[in-house]
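K.L.:
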Amino acid sequence: MLIKIFMYWRHYLKTMPDSPTSKLSQVIEQSGLAPEAWLECYLDRTLLPILKLFSNTGISLEAHVQNTLIELKDGIPEVCYVRDLEGICLSRTIATEKQLVPNVVAASSPVVYAHDEAWHRLKYYVVVNHLGHLVSTIGKATRNEVVLWKLVAHRLMTWKKRICE
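Be aware that the sequence shown starts at 1, since it is given in the numbering used here, and climbs by one per residue.
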């Protein structure tokens, strides 16, 4: 029987005072994957699509942990959903190049930002807030957050090579 779970991330990234582990650590353990392998799968289902969306359209999502739902299959990340699109913005440069501006959104729309600002917002919400919480929580369980951040960096470099070739 296939069981799919939607996780409201902010609740899974907490370590409760009466427990040495987080709910996320329990999910990872139940998945049967090593924490590093689980994180790689997570990055492939969350960070990569969010970066591709920005690169291909200029759409910058406010995908912090409160706005992110993860669909799990047997404890393994399968799909990432981003809700509450109130904080969405567009890179003027990319969206104009891809003809979203002015065909879909007017150039004067308040959602259209300078490229650097749209990119900064994406990095803050997705990397600093979202991945920061996630990696910190997994790192508490593995006691080696540095290894996890190196894994994130390696994954980013691998994607960059693949995209640029």
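C-beta: ideal position from N, C-alpha, C; glycine also.
Let me know the secondary structure DSSP gives residue 110 once reduced to three states.
P.N.:
Coil at residue 110, not helix or strand.
K.L.:
Roughly how many whole angstroms lie between the Cα atoms of residue 66 and residue 43?
P.N.:
Computed Cα separation, rounded: 17 Å.
K.L.:
Kindly list the residues whose CB is nearer than 8 Å to the CB of residue 97, restricted to its own chain and excluding five residues on each side of it in sequence; keep chain order.
P.N.:
Excluding sequence neighbours, residue 97 sits near 58.
K.L.:
Closer than 6 Å by C-beta to residue 93: which residues in its own chain qualify, once you throw out the five before and the five after it? Chain order, please.
P.N.:
115
K.L.:
Please say whether residue 80 and residue 49 have beta carbons closer to each other than 9 Å?
P.N.:
Residue 49 places its beta carbon less than 9 Å from that of residue 80.
K.L.:
If you compare alpha carbons, which of 73, 91 and 122 is closest to residue 110?
P.N.:
91
K.L.:
At 4 residues or longer, and completely inside the region 85 to 156: list those alpha helix (DSSP H) runs for me, N to C.
P.N.:
If only uninterrupted alpha helix (DSSP H) runs of at least 4 residues are considered, those enclosed by the region 85 to 156 are 92 to 97, 100 to 103, 115 to 122 and 132 to 142.
K.L.:
Buried or exposed: residue 118, going by 16 or more other Cβ atoms within 10 Å of its Cβ?
P.N.:
Counting Cβ neighbours within 10 Å, residue 118 comes out buried, since at least 16 surround it.
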